[in-house]
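Take a look at the structure set out below.
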Amino acid sequence: MESPREWYERKETEYGIIISLFLAAFLFYFSIFLKNPLITGIDGPYYLIQVRSLLNSGHLVYGDPPLIFYLLAFFTILLRDITLGVEFGVALFCALSTIPIYFLMKRVTEKPWFGYIAILLFIFSALFIRMMSDFMKNAIGIFFLISFFYYLHDMAFNGRCWMNFLLTILFLFLTGLTHILDFGVALLFLIVYSSMFAIFGVNRSRFLKSIGLIALIFALFVVITVTILQFFFTDYNKILHFFEDIAEIQDLGPLAPLIIPPLQGPLLPISWLMLASIIFLGFALSIYEWRMKKREPFILVSTITITGMLLSFPLIPMQWLFRFMLMDFIPIAVILSHGLSKIEELAVRLKIKSPLSKALLALISTFLCLSPFVVQSVDMAASVRPTISYAGYLDLMDMKRIIPTDSIVVVPGFIQYWAQYVDEVDIANRLSEGFWQSYSNVLGLFFKQRLPPFIGDLKIIFVGRVFVLAEYPPRPPST
């Protein structure tokens, strides 16, 4: 029997490893941001706009769940730099998500080693790095999402206690206050998990009563957010747009099959065939656990596998499928770390008796599993960059002083937030006749190497290294 001293030393070692891996994750993620002076990703400057507005005026420019912007504003105050504050906050919360995935997989596999592997699969996930660099709020919400998974699972198999129940509700709410996709995945997991537990679990009535209460509280949360707090939860409209696109799927053209996508399918940081193979492994592990009569790992692994499959479902419209499939790094980490936990049982079946041989088999399997993900993640980290060059950023800085007051600037789509953040001016993505009634000056921002044919009809007021700024006449030319 383990003595108190041995227990303390074992826990000290375990938590020391967890903290070390967390710090390694944070430093890795933060270094991805620090290699460039500009914030990365499609929506990077959007966060700068929101945090600056919150600090300057106390409210947001765009309606969005506000929780994350308050957290990023706090880091901005600490570090005295908006860009650094946002990047630090994103890296910190992405690193924090490794902690609940550790405890989830440690509980299911009953060994800390496979929790450590789950952490490494999170750290070295090209999908997670892509999400972190392009869709920051989505990535921050992963910490709340995995924490919700853990406490829901713990509540199911430990029996309902008020602490577990309240923490399950808390992390579901925090997920809903962060990002609509994270919230949607949480609800999908809740539905699938509850269904699996109702069919295959024990003490079902008690757990299902808790789920019913969670459903009532969730319904109240949604009613409040879409009525009283509508400005902050305009993202909920995306749910309606998603189902509208599903209804019109026959007009969307060819779809991307799960295993061999056409050229126009979403390009993922990992291969589609690898993802499909891991989902298949998840189903194989679920069947194995069911045959071994291990309800807890069976319900978790089968739920996470079904969730991963649904997120990769080939009939999802193309414009949604890429974002959904970025979330598949969670099923990947759960399935592979759980699969590696079965190596010892495989060694028994192969009649390998030597402890050294068993250890070598486990190490080789772990190395082969992690290697492709490490390569993919390093490659993805190297490719992360802002959506404009530094020369383009300097152009925006230079033109700020010459943009007249009471102006609106028509800007190419993917640099709109940059122009709005740097030049602090109203922006639009296309011309409208109404602009001349609302603004004294209507300007257009163009790439110097891709000037439109009607540029000669405009009054050019700035020529930079990358951009050209021009003023439209009162009657804009047809485009």
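The opening position of the sequence shown corresponds to residue 958 in this note's numbering, with each subsequent residue numbered one higher. We put the beta carbon where it would ideally sit given N, CA and C, even for glycine.
Any beta carbon from chain D within less than 8 Å of K968's own beta carbon? The structure shown contains no chain D; it holds only a single protein chain.
Measuring CB atoms only, is the segment 1318–1327 touching the segment 1374–1391, in the sense that at least three cross pairs come out at less than 8 Å? Contact between the segment 1318–1327 and the segment 1374–1391 is absent, with fewer than three C-beta pairs closer than 8 Å.
Helix, strand or coil at I1039 [DSSP, three-state]: Residue state, collapsed to three classes: helix.
For H1136, count neighbouring C-beta atoms within 10 Å of its own C-beta (all shown protein chains included) and say buried if the count is 16 or more, exposed if not. H1136 sits buried, since 16 or more C-beta atoms from the chains shown fall within 10 Å of its C-beta.
Per DSSP, what kind of secondary structure is V1159 in: helix, strand or coil? DSSP, read as helix, strand or coil, puts V1159 in coil.
Inter-residue spacing [alpha-carbon to alpha-carbon] between T1232 and F987: The amino acid at residue 1232 is misidentified as Thr; the sequence shows Leu. Distance between the alpha carbons of L1232 and F987: 27 Å.
Do A1052 and A982 have their CB atoms nearer than 8 Å? At a Cβ-Cβ threshold of 8 Å, A1052 and A982 count as neighbours.
What are the uninterrupted segments assigned as beta strand (DSSP E) that are 3 or more residues long and contained completely in the segment 1303–1345, given in chain order? If we require 3 residues or more, the segment 1303–1345 turns out to have no beta strand (DSSP E) run fully inside it.
Check whether the Cβ atoms of T1066 and H1295 sit closer than 8 Å, and answer yes or no. In this structure, T1066 sits near H1295, with a CB-CB distance shorter than 8 Å.
Restricting to Cα atoms, I'd like to know which of F1240, F1255, D1285 is closest to W1229. Ranking the options by Cα distance to W1229, first place goes to D1285.
Tell me whether A1339 is buried or exposed, calling it buried when 16 or more other Cβ atoms sit within 10 Å of its Cβ. It is exposed - the Cβ of A1339 has fewer than 16 other Cβ atoms within 10 Å.
Pick out whichever of P1329, M1354, L1426, V1335 has its Cα sitting closest to the Cα of I1365. Of all alpha-carbon atoms in P1329, M1354, L1426, V1335, the one lying nearest the alpha-carbon of I1365 is that of L1426.
Say whether the segment 1343–1358 touches the segment 992–1007, bearing in mind that this needs 3 or more beta-carbon pairs closer than 8 Å, one atom from each stretch. Three or more beta-carbon pairs drawn from the segment 1343–1358 and the segment 992–1007 are found closer than 8 Å, and the two stretches are therefore classed as touching.
Can you check DSSP and say which residues form a bridge with L1400? DSSP lists V1366, E1428 as the bridge partner or partners of L1400.
Once DSSP output is grouped into helix, strand and coil, what is the label at D1000? Correct three-state label for D1000: coil.
Decide yes or no for the touch test of the segment 1007–1016 against the segment 1038–1047: beta carbon pairs closer than 8 Å, at least 3 of them. Contact between the segment 1007–1016 and the segment 1038–1047 is present: three or more C-beta pairs spanning the two stretches fall below 8 Å.
May I ask you to verify whether the segment 1128–1146 touches the segment 1098–1113, counting CB pairs closer than 8 Å and requiring at least 3? Enough Cβ pairs lie closer than 8 Å, so yes.
Let me know the alpha helix (DSSP H) ranges lying completely inside the segment 1231–1287, each 4 residues or longer, listed in chain order. You should have 1252–1268, 1275–1283.
By the three-class DSSP mapping on this structure, what secondary structure does D1383 have? In the three-state scheme derived from DSSP, where H, G and I count as helix and E and B as strand, D1383 is classed as strand.
With a threshold of 7 Å on Cβ separation, who are the neighbours of F1032 within its own chain once the five nearest residues in sequence on each side are excluded? Cβ neighbours of F1032 beyond the five flanking positions: G1042, F1045, G1046.
Close beta carbons around S1314, own chain, < 8 Å, minus the five adjacent residues each side: Cβ neighbours of S1314 beyond the five flanking positions: A1304.
Starting from the C-beta of I1359, find all residues in its chain whose C-beta is less than 7 Å away, skip the five residues before and the five after it, and write them out in chain order. Excluding sequence neighbours, I1359 sits near I1418, F1419.
DSSP on F1063, reduced to helix/strand/coil? Reading the sequence as shown, one finds Lys at residue 1063 and not Phe. Helix, per DSSP.
Sorted by chain position, which residues of the same chain lie with C-beta nearer than 7 Å to D1352's C-beta, five sequence neighbours on each side aside? Here the set comprises G1421, R1422, V1423, F1424.
Cβ atoms of L1297 and I1309: under 8 Å apart, would you say? Between I1309 and L1297, the CB-CB gap reaches or exceeds 8 Å.
Cβ neighbours of S1090 in the same chain (closer than 6 Å, five flanking residues each side left out): The residues are T997, G998, V1341.
Just to confirm my understanding: we take A1048, look at its own chain, exclude 5 residues before and 5 after, and list those with CB closer than 6 Å. What are they? The answer, listed in chain order, is F983, Y986, F987.
Reducing DSSP to helix, strand and coil, say where F1419 ends up. Here F1419 sits in strand by DSSP.
Could you spell out where the alpha helix (DSSP H) holding T1132 opens and where it closes? Run containing T1132: 1119–1133, per the alpha helix (DSSP H) assignment.
Looking at D1000 and Y1374, is the spacing between their C-beta atoms short of 8 Å? Against a cut-off of 8 Å, the Cβ pair of D1000 and Y1374 comes out as a contact.
In terms of residue numbering, what span does the alpha helix (DSSP H) encompassing G1349 cover? Unbroken alpha helix (DSSP H) run through G1349: 1347–1357.
Counting C-beta neighbours from all protein chains within 10 Å, is the total for Y972 16 or more, i.e. buried, or is it exposed? Y972 is exposed by the Cβ-count criterion.
So, are the CB atoms of M1112 and F1122 less than 8 Å apart? Judged by their CB atoms, M1112 and F1122 are nearer to each other than the 8 Å cut-off.
My understanding is that F1281 touches I1292, with C-beta atoms under 8 Å, so please give their C-beta distance in whole angstroms. Between the beta-carbon of F1281 and that of I1292 there is about 17 Å, and that puts the pair past the 8 Å contact cut.
Can you say whether A966 is buried or exposed, counting buried as having 16 or more other CB atoms within 10 angstroms of its CB? With the sequence shown as reference, residue 966 is identified as Glu, and Ala is not the correct amino acid for it. The residue is exposed, with fewer than 16 neighbouring Cβ atoms inside 10 Å.
Cα-Cα separation between F1175 and L1145, rounded to whole angstroms: For the pair F1175 and L1145, the Cα-to-Cα distance works out to about 13 Å.
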